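A.B. asks: The structure follows.
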Amino acid sequence: MFVHNPFAALPASIPPVAKQTYVVVMFLLVVGGTLFDLAHKGSASYFFKHRRAASFGARRRVSTGEATALAVETIVVSVLAAGEFCSMLRRLTHILTMYGFVLYVVSTAIMVFAYPTAAAPGPAIVAELWYLGALLVCVGGYWFWFLQRVDVAAEGQSRFRLVRADLFIVSLLASTTFALLWAGFQGADDHTWANVFFGLYLLASTVLFASVPWSKFAHMFYKPAAAFQRRIEHANGFRGNLPAPADRPVTFGSARRQPQNY
Amino acid sequence: MSRKTVFVDADILVIGGGMGGCGATYESRYWGRDLKIVCVEKANIERSGAVAQGLYAINCYMGMHWNENQPEDHVRYARNDLMGLVREDLGYDIARHVDATVHKFEEWGLPIMRDPKTGRYQREGKWQIMIHGESYKPIVAEAARKAASEVYNRIMVTHLLMDSRHPNRVAGAVGFNVRNGDFHVFRAKAVIVAAGGASHIFKPRAAGEGMGRTWYAPWSSASAYALPILAGAKMTQMENRIVLTRFKDGYGPVGAYFLHLKTYTQNAYGQDYEAFWRDSIEKMVGDYVNHHPVPTCLRNHALLEEVKAGRGPIRMVTKEAFKDPHKETVGWENFLGMTVGQAVVWASQNIDPKETNPELTTSEPYVMGSHATCSGAWASGPEDYAPAEYQWGYNRMMTVEGLFGAGDTIGGTAHKFSSGSFTEGRIAAKAAVKYVMERNKDRPEISEAEYTQLKKVIYQPLETYRIGRNEVVGETVSPSYLLPLHGLQRLEKIMDEYVGGISSHYTTNEPLLTRGLELLAMLKEDLALLGASDLHQLQRAWELQHRFLASECVTQHTLFRQETRWPGYYYRADHPHLDDKDWHCFTLSRYDSRTGRWDMEKAPVYHIID
Amino acid sequence: MPTFVYMASCDGCGYCVDICPSDIMHIDTTYRRAYNIEPNMCWECYSCVKACPQQAIDCRGYADFAPLGHSVRVLREEEKATVSWRIKFRDGREKNFVSPIRTTPWGSIKGPAEYAPPSAAAMSSQELAHEPEALKVDVLPTLARSRLKKGLV
């Protein structure tokens, strides 16, 4: 079941070029949406203005070599290992969702561009990665959505409350959930339900990629930049006006417990 | 809207997880090994209460084993500072135990500064020792967590429950979970109230964002008073509000500056002004002006008069003292460990005490029980020496059976501060354990009718808002509901204008007080129309209800005491002198929640004779 | 000086929501990050600032009396039992302070039930837990009842 390329199995009435156009349009919506968001909010202007102010507060120069090392560290620790999250469980759900999303999107592109027809659906591994990706997003995403979300876990809001901050995660989960249901029913030759869920999958995915200016989607691009800038500031002594760590030994252990909340 | 009800049974219920509450929780476990000890706190005991940001000094420590002070000395000091009116039996009781509390704090890990020459605790003044107390509250909270059977954070207790079989006996409490809205019903054999006193009942000097920078924590919402008042407990000295002379705007502490750095005050023209007012003060209060040290309120009075005479701003002379680098460090760390906001004010206005003598001001009034003031519940005293009139059985029990108090809750015990409040919690706890054991663990009965009715009342503001919201487009201005902030600001304005706030230089009289009561009565009716949009606003609504009740009590007491006992705290313009003939006594009030009547009476003062 | 949260640093962990004594740190509905919902009930106690694992919270003095351009930031390091402060004046002057915050490991307090249970004699006395040893004097002081006289003396 998890070896069938669901895009190749779509009716021949949907030509490959239509599927490929859709993927390209989604990609452009993300790029365009992010650029629009940056321009409209002036967040890039803010970022560079802040960088200048930070460099005035610097105490030492950071060499190119050092900056490169910090950039690599940012990619490895903050991006690939989700190091921006201080809570281990939150980090875990993010890693599941992030890598799942990457697998899901990349395998979609491969199947749609290289193996879009039933005649040549491609190697099973590509489809398997698509299913795996969607599944990882669902596991990480639903776990986050129902249990980890800070407004639920710390604030006591209802698990079923919907606010604008939920736009990205809900549309992403809708996309992957409907994708799995569509592929499942299609594989079982139940074309009525397959069509229903395919339609919902398209709707959810379009909302996901088109809502970039209103959702938290673009934060996945901004956060690494902010994380890198923060590393530079700690290296150059500005530290965002924070005091340097105390020159004392570490001997007392930590009292930090997961917040009891309520 | 159906809400889950959570029932919690306890032997001893400690309401409030501040210094008093943590002391009570700790000590309850020591004496009641197999008792169920429950501590319930509106916020998170890790940082709740007035010691949230830490303290730089412990202001109540005898040093008996170094022969520095004896408990009697502290009683005389507190009596003197409060113009003769303190519960000397209760004060002695705290003073004789407090050293043990402080020694335990040090053992637990509180860094206490030492005098390098003598090896003793570094004294800031006769009663004060200096500490690095940024984590004072987390350390004390750890001790409480190790003692409690359960600690409930984020539950706001709104009412006490009474025993349905015996009149005048407490049976527990009710409240709501600020996070998920659950209704909590606590059943207990003894209740120790150790909640917060009253900030935000008089209009503060800063009315915008700066409203938050009160001297006493903004989350001290007078639950310490409202809970006992509603249960019918007698309250004492509620007119004895405190006004503090502190650094301008930030209200940063001046104690270390005066005592350790040896700074002093001047008017705007560089003149020493206190001596100038001495004679006029003597005309008001007689021989009390000759006491040493000069009572806090009289020092306030001199500053106030100087400002009214147009020779402000008053400044503290720091330029000389701050040249010493050690003193400069103490001066800044004094704020960072206790009132960070003052460091922020100085940083924002480029004030360096090496170059500028910073401004002082008198604050808006507060009502609490642990500082240079002693408002609170009337409590029974220690069995070994308290006079019969001050004793009706258990130490720190109020006039309601089974209801104990500690910290800002208890009246008559001035100058106990943090260590004294924790100590009073311990005293109340041991007495509460005895009370529970001697009743053979007999449990009072709560009434389902009572808590069902209270449940409706507690959540009513959510309903009022939900329905009333349909009427208007914008949410804040509505003819049919009042937001908690609106009610708070009206309360503060009434108290300010009629009951002796800053706008009248703390002056009031009978016609003003009477008019104030009329306006309070209308506000009380409007409180039934409070609207809360969410659980946070519901908490604010109940904080306002508690503040309101305390304010009513303060006003009644202020009306009752026909003299000016503490010039510099407040003035009765129609009785401008101290009157030891008729008013060398405590004022007591008792509120009947069914009729809304306040019954006032006097109680005698007992002094320790030399 | 109410608190504020840096957009780029907050990861929505909820520690500040958990610790705030005033219940004013809550989660924004657009960004799912923390913010101060009621600056006029903020005491500037810095509990949230100290609790934030990302140092994402800072303080700006109350607008009604604190000019802009200042900074008072803190680093509380439990493992070293220290708190470090960095104060920057509006005119750029800087002051730095480091203080100890504890002398014993976190979690090391001996709970009251770990002590030997009190005797009946201790229960009926006026002594509190650990007394008289913790007082460091031999006997808990007391007064003769006759020392207390009613009225003006």
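Chains as they are written, first to last, in our numbering: chain A, 1 to 262; chain B, 263 to 872; chain C, 873 to 1025. All C-beta atoms in this analysis are idealised placements derived from N, C-alpha and C, irrespective of residue type, glycine included. Since this is a predicted model, take the numbers as computed values, not measurements.
1) Taking the alpha carbon of residue 649 of chain B as the point to measure from, which residue in B/870, B/370, B/732 has its own alpha carbon closest?
2) Please name the residue in B/849, B/438, B/501, B/309 whose C-alpha comes closest to that of residue 629 of chain B.
3) Quick check: the Cα distance between residue 533 of chain B and residue 668 of chain B, rounded to an integer number of angstroms?
4) Tell me where the beta strand (DSSP E) around residue 439 of chain B begins and ends.
5) Name the chain A residues whose beta carbon is nearer than 9 Å to that of residue 978 of chain C?
6) Any idea which residues DSSP pairs residue 1022 of chain C with across the strands?
7) Within the 7 Å Cβ cut-off, does residue 866 of chain B reach chain C?
8) Determine the burial state of residue 535 of chain B: buried for a count of at least 16 other Cβ atoms within 10 Å of its Cβ, exposed for fewer.
9) In the DSSP assignment, the beta strand (DSSP E) including residue 511 of chain B goes from what residue to what residue?
10) Find the residues of chain C that neighbour residue 630 of chain B, judging by a C-beta separation of less than 8 Å, and give them in chain order.
11) Tell me whether the beta-carbon of residue 288 of chain B lies closer than 7 Å to the beta-carbon of residue 450 of chain B.
12) Between the segment 821-831 of chain B and the segment 798-813 of chain B, are three or more C-beta pairs nearer than 8 Å?
13) Touching or not, the segment 431-439 of chain B and the segment 412-419 of chain B, by the rule of three or more beta carbon pairs under 8 Å?
14) Identify each residue in the segment 912-931 of chain C for which the Cβ-Cβ distance to at least one residue of chain B is less than 7 Å, and report them in chain order.
15) Which bits of chain A does residue 886 of chain C rub up against, with CB to CB less than 9 Å?
16) How would you label residue 596 of chain B, buried or exposed, when you count the other beta carbons within 10 angstroms and need 16 or more for buried?
17) Could you give the uninterrupted runs of the beta strand (DSSP E) lying entirely in the segment 368-409 of chain B, keeping only those of 3 residues or more?
18) May I ask you to report which of helix, strand or coil DSSP gives residue 635 of chain B?
19) Have a look at residue 954 of chain C and residue 889 of chain C and give me their C-alpha separation to the nearest angstrom.
20) Considering only residues of the same chain and omitting the five flanking positions on each side of residue 547 of chain B, which have a CB-CB separation below 6 Å?
21) Measuring CB to CB, does residue 386 of chain B end up less than 7 Å from residue 588 of chain B?
22) Going by alpha carbons, who is nearest to residue 726 of chain B out of B/786, B/745, B/325, B/818?
23) For residue 11 of chain A versus residue 183 of chain A, is the C-beta distance shorter than 7 Å?
24) Can you tell me whether residue 507 of chain B is helix, strand or coil according to DSSP?
25) So that I know if they touch, is there some Cβ in chain B lying closer than 7 Å to that of residue 1001 of chain C?
26) Please go through the same chain and pick out, in chain order, the residues whose beta-carbon is closer than 8 Å to the beta-carbon of residue 656 of chain B, but skip the five residues on each side of it.
27) Is residue 320 of chain B near residue 393 of chain B, with beta carbons less than 7 Å apart?
28) Can you tell me the Cβ-Cβ gap for residue 111 of chain A and residue 124 of chain A, rounded? I've got them flagged as a contact below 8 Å.
29) Classify residue 300 of chain B: buried if its beta carbon has 16 or more other beta carbons within 10 angstroms, exposed otherwise.
30) Rounded to the nearest angstrom, what separates residue 447 of chain B and residue 712 of chain B at their Cα positions?
31) Rounding to the nearest angstrom, what Cα-Cα distance links residue 550 of chain B and residue 663 of chain B in this structure?
32) Where DSSP assigns a beta bridge to residue 623 of chain B, which residues make up the other side?
33) Scan the segment 143-193 of chain A and note each continuous alpha helix (DSSP H) run of 4 residues or more that stays entirely inside, going in chain order.
34) Taking the alpha-carbon of residue 830 of chain B as reference, which of B/558, B/646, B/349 has the nearest alpha-carbon?
35) Can you have a look at residue 733 of chain B and say buried or exposed, based on whether 16 or more other CB atoms are within 10 angstroms of its CB?
C.D. replies: Reading it off the structure:
1) B/870
2) B/501
3) 43 Å
4) 432-439
5) 252, 253, 254, 255, 256
6) B/868
7) yes
8) buried
9) Here residue 511 of chain B belongs to no beta strand (DSSP E), and DSSP marks it neither H nor E.
10) Residues of chain C passing the Cβ test: none, with the nearest at roughly 15 Å.
11) no
12) no
13) yes
14) 912, 913, 914, 915, 916, 917, 918, 919, 931
15) 87, 150, 151, 153, 154, 155, 259, 261
16) buried
17) 391-395
18) coil
19) 23 Å
20) 840
21) no
22) B/745
23) no
24) strand
25) yes
26) 642, 666, 693, 694, 696, 697
27) yes
28) 11 Å between Cβ atoms; not a contact.
29) buried
30) 11 Å
31) 38 Å
32) B/508
33) 150-153, 167-187
34) B/558
35) exposed
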